[in-house]
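Structure record follows, encoded as structure tokens.
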Amino acid sequence: MEKEAKIFVYGSTNICASCVGAPSSKETEEWLRAAIGRKFPDQPFQVEYVDIFAPQEEIELKKIADMIVEEDYMYPVIVIDGEVIAEGNPRLKDIYAMMTDRGYQAV
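Taking UniProt numbering, the leading residue of the sequence shown gets 1, the next gets one more, and so forth.
As structure tokens, then:
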């Protein structure tokens with residue numbers, strides 16, 4: 001693997017108006033952590049939740065959070081290495097593909 005993947009789940013405690021009926025951003029973060037851990041066991045990765053409406057200390061986190069709010073993305077928004085991978089209700093297939101592209105070995 002190239003380096004440990006760090007996956008950011010950007011969202012809010014309020015469910016996106018376009019995503020009624022979908023899991024919350026926090027639930028998505030927990031679900032991704034569990035699903036990725038099962039698919040790529042014993043391989044290090046991080047999943048971090050970022051509230052888009054909370055003040056951000058890190059410049060990169062603030063930049064992406066501001067972009068999501070200003071450009072009306074449907075959240076949660078999944079970001080790996082500064083690249084938006086999914087928005088709204090993410091597909092595991094897309095996230096798994098990004099992991100294997102980075103050298104992770106699926107079980």
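Idealized CB from N, CA, C, for every residue including glycine. Please read these numbers as outputs of a predicted model, since none were measured by experiment.
For residue i, tell me which candidate among the options has the shortest Cα-Cα distance.
| i | options | result |
| --- | --- | --- |
| E87 | I68, P41 and K63 | I68 |
| K26 | D101, V107 and D51 | D51 |
| T13 | F53, G21, K39 and E83 | F53 |
Provide the residue span of the alpha helix (DSSP H) that contains residue i, from first to last.
| i | result |
| --- | --- |
| I68 | I59 to E70 |
| A34 | S25 to K39 |
| Y96 | L92 to D101 |
Less than 8 Å separating the beta-carbons of residue i and residue j?
| i | j | result |
| --- | --- | --- |
| Y75 | Y10 | yes |
| R102 | E2 | yes |
| I78 | I7 | yes |
| V47 | L61 | no |
Rounded to whole angstroms, what's the CA-CA distance from residue i to residue j? Just pull it up for me.
| i | j | result |
| --- | --- | --- |
| E30 | I36 | 10 Å |
| Y49 | D72 | 18 Å |
| S24 | E4 | 25 Å |
| G82 | K63 | 10 Å |
| A106 | A65 | 30 Å |
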